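For the protein sequence lines, the chains are E and V, in the order given. Just so you know, my numbering puts 43 at position 43 of the first sequence, and the rest follows in order with no gaps. Just so you know, my numbering puts 65 at position 65 of the second sequence, and the rest follows in order with no gaps. Each residue gets a CB set at the ideal place from its N, CA and C atoms; glycine is no exception. Keep in mind that this is a model prediction, so the values were computed, not measured.
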Amino acid sequence: MTVTTDGDVILEIENVVKHFPVRGGVFRRKDYVHAVDGVNLSVRRGTTFGIVGETGCGKSTLARCIARLYDLTSGRIEFDGKDISTLSTGKMRPVRREIQMIFQDPYGSLNPRRRVGSIIGDPFAIHGIASGADRKKRVQELMERVGLNPEHFNRFPAEFSGGQRQRIGVARALAFQPKLIICDEPVSALDVSIQAQVINLLADLQSEFGLTYIFIAHDLSVVRHVSDQIAVMYLGKITEVTRAEKLFTTARHPYTGALLSAVPVPDPDQSDRREQIILVGDVPSPIAPPSGCRFHPRCPKAVQQCVTDEPALESRLGDGPDHLAACHRPMAVGENLHDFRPAIDSSERIIEVPGSLLPDDAGAAPADPVRAQAEGSDA
Amino acid sequence: MSAVPELIVEGPGTGPADVPAAKKIEGRNPWRLAYERLRTDKAAKISFGVIVLIIVLAFVAPLFTKITHHGPNEVFSNIGQNANGGPVPPSGLFWLGTDASGRDLFIRILYGIRISLLVGVLSTGVSVALGVVFGLAAGFLGGVVDAVIARMIDVLLSLPFLVVALTLAYRYGGSLWLVVFVLGFFSFTALARIVRGQVISLRQKEYVEAARAMGARSWRIMFIDLLPNVMAQVIVYASLLIPLAIVGESSLSFLGVGIPPPTADWGDMISDASGYYQFGYWWYLFFPSLALLGTTLAFNIFGDSVRDALDPRGSTYV
Numbered sequence: 001m002t003v004t005t006d007g008d009v010i011l012e013i014e015n016v017v018k019h020f021p022v023r024g025g026v027f028r029r030k031d032y033v034h035a036v037d038g039v040n041l042s043v044r045r046g047t048t049f050g051i052v053g054e055t056g057c058g059k060s061t062l063a064r065c066i067a068r069l070y071d072l073t074s075g076r077i078e079f080d081g082k083d084i085s086t087l088s089t090g091k092m093r094p095v096r097r098e099i100q101m102i103f104q105d106p107y108g109s110l111n112p113r114r115r116v117g118s119i120i121g122d123p124f125a126i127h128g129i130a131s132g133a134d135r136k137k138r139v140q141e142l143m144e145r146v147g148l149n150p151e152h153f154n155r156f157p158a159e160f161s162g163g164q165r166q167r168i169g170v171a172r173a174l175a176f177q178p179k180l181i182i183c184d185e186p187v188s189a190l191d192v193s194i195q196a197q198v199i200n201l202l203a204d205l206q207s208e209f210g211l212t213y214i215f216i217a218h219d220l221s222v223v224r225h226v227s228d229q230i231a232v233m234y235l236g237k238i239t240e241v242t243r244a245e246k247l248f249t250t251a252r253h254p255y256t257g258a259l260l261s262a263v264p265v266p267d268p269d270q271s272d273r274r275e276q277i278i279l280v281g282d283v284p285s286p287i288a289p290p291s292g293c294r295f296h297p298r299c300p301k302a303v304q305q306c307v308t309d310e311p312a313l314e315s316r317l318g319d320g321p322d323h324l325a326a327c328h329r330p331m332a333v334g335e336n337l338h339d340f341r342p343a344i345d346s347s348e349r350i351i352e353v354p355g356s357l358l359p360d361d362a363g364a365a366p367a368d369p370v371r372a373q374a375e376g377s378d379a
Numbered sequence: 001m002s003a004v005p006e007l008i009v010e011g012p013g014t015g016p017a018d019v020p021a022a023k024k025i026e027g028r029n030p031w032r033l034a035y036e037r038l039r040t041d042k043a044a045k046i047s048f049g050v051i052v053l054i055i056v057l058a059f060v061a062p063l064f065t066k067i068t069h070h071g072p073n074e075v076f077s078n079i080g081q082n083a084n085g086g087p088v089p090p091s092g093l094f095w096l097g098t099d100a101s102g103r104d105l106f107i108r109i110l111y112g113i114r115i116s117l118l119v120g121v122l123s124t125g126v127s128v129a130l131g132v133v134f135g136l137a138a139g140f141l142g143g144v145v146d147a148v149i150a151r152m153i154d155v156l157l158s159l160p161f162l163v164v165a166l167t168l169a170y171r172y173g174g175s176l177w178l179v180v181f182v183l184g185f186f187s188f189t190a191l192a193r194i195v196r197g198q199v200i201s202l203r204q205k206e207y208v209e210a211a212r213a214m215g216a217r218s219w220r221i222m223f224i225d226l227l228p229n230v231m232a233q234v235i236v237y238a239s240l241l242i243p244l245a246i247v248g249e250s251s252l253s254f255l256g257v258g259i260p261p262p263t264a265d266w267g268d269m270i271s272d273a274s275g276y277y278q279f280g281y282w283w284y285l286f287f288p289s290l291a292l293l294g295t296t297l298a299f300n301i302f303g304d305s306v307r308d309a310l311d312p313r314g315s316t317y318v
């Protein structure tokens, strides 16, 4: 999107934790979903920071923590040199002008019973800035800026297409020219052609207003195009963070490697030649995340150390301080994950059992890895 | 001009200049859609016509007083009563006959509309105001607020409406305002529950999160973001509450604790007439009952049509 500027740090996140209680019975012990579990990030002013990860890895929760839509379980968020992690609702209000959010669902994020003009005018109304004709003028300016027809301010959201609605969301976020915009999968719900338009709009606005973006997505190619820096999340933790291009050339974490191999290549010949790394099993439950490295049950390179010790997020294999990976056995450039077999106790692994080789009952539920493993070897 | 400019709007470079004809395309405004459905509903049209007629009659009641020269509380002890002191049947003089006191039944029924509509609308207003506020607060704020409101509603539902109404009427004397508040207070519970249920599902929506992210306060989210989204259900329920309130007011008057006499009131009239029906004075009971039936039926049918129009998927309430 833009060249990485050595701007100062606008957002510093230290050890942010967000656990959601899972309601149990009176006598049951209380469980927690470890949605975000100790995340550190720093975002430089005027850049775009991409966050990728599978569904349920905690990236949206992290976004809502930064926007203080959720209270943190613990940790610290410093925005523009000010700790906002414990601000009260009232003290947070002026800060909210400077941190805005663009949401994933262009249908759900706009109130269906309110007119577009009043939706975009909401920030002004909430903070009591402009009213009457002045507000209308500013709303129409915003609409024009994001490529909407200002004459349409009297319409309802249902009268717009998905791409137009997302523009409405952008206009609303732009009202106060915030310093930071958190984009929570802003294009995931859009057609590919419309995605490009919205992304280009965001890029234009960034260079025009010097915005900083946190851009969350699960589509790696979109994030690559947009971001200066990218963090990869897995089960509430950051596994790797680096400059955008570096992530695609020298991925260190095996999870990143597997993610990258899943990016579609538009050339069929190349696509056939390329080896895809298919991870076994599903993401483990965030209620009881695996010990050590959270990726170890699915990692082809896992060793016993991965089960016992949690790897720190630090520079690996002689990388600079701008490339951090949380992995005991980082990948070297050109390394093929297919060459590796995990060297850990099989009870620690999530085993994918081919259903056809199994008796009826076992094929249905490989939930207990030990049992699935035992039956798998019987067959 | 054609509809083409509407298609271009998607493009990023579309300025205001490209879309002069866009105004011609009717939008899918949810209220307009509901209106269109209502407009093509025959039952809605007929019942709405009846309601309009009833309202007009209530307003022009004095006109009929002028025509017949009969006031609503005027007693015609000579011509309005038969030899035994009973009511006289419908005639050119008294169009729908007279009541036991020799008053013109037709004129009294007309004036009775005023009380019925007034109580129906006012008590529904009380009910909607209470139901919306408590429902929004319980659904949106949740937690302790929700628990307190839920218990309060449970207590209200366990109180027998008529016993409370009778007690209050005996203690403070029957009056229009007592009837309005008792009816409103006893009918808001169901509305509060409907609103609460809707709000609980709506508060998960991203637009509520968006409002929070912009720094909106709770009251603003409740009344500006959520209220318009529950308004359809509120209107539907309110339109069904009006006939209930009219019947409720008649019931209270029937029991002698409603609007104090001699104000013309349907419940009062039906109550008086019930003692005369067995002696063959059918019109005395028949016409006030017909008026009550017609009015509540019209409001009920119209309320049903409004529900169908606002919520085409059709769902049950309460």
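The beta carbon of Pro123/E sits closer than 7 Å to some beta carbon of chain V.
Pro87/V is bridged by DSSP to Gln81/V.
Taking the beta carbon of Pro228/V as reference, the chain E residues within 8 Å of it are Asn111, Arg113 and Arg114, listed in sequence order. Within the model, the alpha-carbon separation for Pro157/E versus Gln104/E is close to 15 Å. Taking CB atoms only, Asp191/E has no neighbour in chain V less than 7 Å away. For Glu98/E, there is no enclosing beta strand (DSSP E), as DSSP marks it with neither H nor E. Within chain V, the residues whose beta carbon sits less than 8 Å from that of Gly108/E are Lys205, Glu206 and Tyr207, listed in sequence order.
For Glu240/E, the enclosing beta strand (DSSP E) starts and ends at Lys237 to Arg243. With a beta-carbon spacing of about 5 Å, Gly102/V and Phe76/V fall inside the 8 Å limit used to define contacts. The contact set of Met214/V on chain E, defined by CB atoms closer than 7 Å, consists of Arg96, Asp122, Pro123 and Ile126 in chain order. Taking a contact as a CB-CB distance under 8 Å, the pair Phe124/E and Arg135/E counts as one, their CB atoms being some 5 Å apart. Closer than 7 Å to the CB of Ala67/E there is at least one CB belonging to chain V. Among the residues of chain E, none has a CB under 9 Å from the CB of Asp146/V; the nearest is roughly 15 Å distant. Taking 9 Å as the upper bound on Cβ-Cβ separation, chain E lies near no residue of the region 104-125 of chain V. Chain V has no Cβ within less than 7 Å of the Cβ of Asp71/E. Between the alpha carbons of Ser85/E and Asp37/E lies a gap of roughly 15 Å. The Cβ of Ala210/V sits closer than 7 Å to at least one Cβ of chain E. Fully contained in the region 76-124 of chain E are the following beta strand (DSSP E) runs of length 3 or more, in chain order: 99-102. Burial state of Ser60/E is buried, judged by a 10 Å Cβ sphere holding 16 or more other Cβ atoms.
Assignment of Thr47/E by DSSP, reduced to helix, strand and coil, places it in the coil class. Taking a C-beta distance under 7 Å as the contact criterion, Gly112/V and Ala264/V qualify as a contact pair.
Neighbours of Arg220/V in chain E, taken as residues at a C-beta separation under 7 Å, are given in chain order as Ile126. Of the residues assessed, Val192/E falls on the exposed side of the cut-off, its CB having fewer than 16 other CB atoms within 10 angstroms. DSSP places Glu12/E in the uninterrupted beta strand (DSSP E) bounded by Val9 to Val22. Under the three-state reduction of DSSP, Asp154/V is assigned to helix.
The beta carbons of Leu110/E and Gly169/E sit about 7 Å from each other, so the pair counts as a contact at 8 Å.
Annotation: Phe215/E is outside any alpha helix (DSSP H); the continuous beta strand (DSSP E) that includes it extends over Thr212 to Ala217.
No Cβ of chain E is located within less than 7 Å of the beta carbon of Asp154/V. The Cβ-Cβ distance between Thr48/E and Ser227/E falls below 7 Å. Exclusion of the five residues before and after Ser47/V leaves Ala298, Ile301 and Phe302 as the residues of its chain whose Cβ lies within less than 6 Å of its Cβ. Using beta-carbon distances, Phe103/E counts as an interface residue toward chain V, with a partner under 7 Å. In the same chain as Val230/V, and ignoring 5 residues on each side of it, the C-beta atoms closer than 6 Å to its own belong to Val195 and Gln198, in chain order. Non-local beta-carbon contacts of Ala326/E in its own chain, meaning distances under 6 Å to residues more than five positions away in sequence, involve Thr239, Pro311 and Leu313 in chain order. Listed along the chain, the chain V residues whose CB falls inside 8 Å of the CB of Gln195/E amount to none; the nearest CB is some 12 Å away.
For Gly121/E, the closest C-alpha among the options Ala67/E, Val222/E, Asp322/E and Leu174/E is that of Leu174/E. Arg93/E has a beta carbon lying within less than 7 Å of a beta carbon in chain V.
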